[in-house]
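What follows is one structure encoded as structure tokens, with my remarks underneath.
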């Protein structure tokens, strides 16, 4: 499985480089990239999620979906507690940005292509549980931690976002076994196939806007990447190895949690007058380093599970 992850991350890196090229040649501007990002998040991702539920119902899928929900809740609880210990408040440190980036991953942009590469629609199916928990936690704990504001309107807004709506509709069609007619299903599958290339190209354009030499001189960037990409995944990998759960559930949640820092941090910093350049540098460095760390984490988890089972 680590080989699949390695191959997929290399492919994703190549697609990111296309995004970098599009940015440098002015084919895609910053404003256009924001619109493309919205298209991926509000159209492509929800359709891909919905289509993952167009499958035959059986006890194993239902059980694993519930387990994934519970495991995702536990995962966020562990990561949130850990970052408060690993990243203490310190004068001159962007503590809120570092903590947010360490807990919240790019689980939709990066997680979906990887889950799909590992386990196909079943992997995306389980990933929806993680994304649901992610959305609930990031719009409550995450936003409060980053901004200090307790805006319940933003929390309520989560429940009618395209992602959550697609999950609810998908669950309804899954449990009632409602199948979409062949032609609309085919059209929707074409749209869902756009997820990987478009998400990576958008990420590449975002990365191109970062001053790489300046980024490489910041110790905080390395600190967050170490915590996000190695320390927290290692803690989760050890914990998961003791749990008697399906390997597909274990690896899907682990990959989603171990994905690089969320681009959402930069967007929220822009909206709230925070240091968005620093969050963008963390996002860029994390995305680059994850190409190496994700296969290692998956391989280590497989090895631990084998010797402990």
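Residue numbers (my numbering): 1010 to 1318. Think of the CB as a built atom: it goes at the ideal place given N, C-alpha and C, for glycine as much as any other residue.
Residue range of the unbroken alpha helix (DSSP H) whose run includes residue i
i, result
"residue 1068", "1068–1095"
"residue 1229", "1228–1235"
"residue 1122", "1120–1128"
"residue 1199", "1191–1201"
"residue 1241", "1241–1250"
"residue 1044", "1039–1048"
"residue 993", "Beyond the ends of the chain as shown, which are 1010 and 1318, falls residue 993; an answer cannot be given."
"residue 1168", "Run containing residue 1168: none; DSSP gives neither H nor E here."
Residue i, DSSP secondary structure in three states
i, result
"residue 1206", "helix"
"residue 1102", "coil"
"residue 1238", "helix"
"residue 1156", "helix"
"residue 1033", "helix"
"residue 1253", "coil"
"residue 1223", "helix"
"residue 1348", "With the chain covering only 1010 through 1318, there is no way to say anything about residue 1348."
"residue 1218", "coil"
Residue(s) in a DSSP beta bridge with residue i
i, result
"residue 1270", "1114"
- Message: Three Cβ pairs or more, each shorter than 8 Å: is that satisfied between the stretch 1220–1228 and the stretch 1289–1298?
- Response: yes
- Check whether the stretch 1202–1210 touches the stretch 1076–1092, counting contact only when three or more Cβ pairs, one atom from each stretch, lie closer than 8 Å. no
- Item | Three or more C-beta pairs below 8 Å linking the stretch 1117–1124 and the stretch 1136–1155 | yes
- Message: Could you tell me which whole alpha helix (DSSP H) segments of length 4 or greater appear in the stretch 1258–1316?
- Response: 1273–1281
- Three or more C-beta pairs below 8 Å linking the stretch 1234–1250 and the stretch 1040–1056: no
- Any chance the stretch 1031–1043 sits against the stretch 1214–1221, with 3 or more Cβ pairs inside 8 Å? yes
- Task: Decide if the stretch 1061–1078 is in contact with the stretch 1175–1182; the criterion is three or more beta carbon pairs, one per stretch, under 8 Å apart.
- Result: yes
- Query: Do the stretch 1089–1098 and the stretch 1252–1262 meet, that is, are 3 or more Cβ pairs less than 8 Å apart?
  - Reply: no
- Message: I'd like to know if the stretch 1307–1316 and the stretch 1281–1289 are in contact, where contact means that at least 3 CB-CB pairs between them fall below 8 Å.
- Response: no
- Message: Pairs of beta-carbons, one from the stretch 1071–1080 and one from the stretch 1191–1198, closer than 8 Å: are there three or more?
- Response: no
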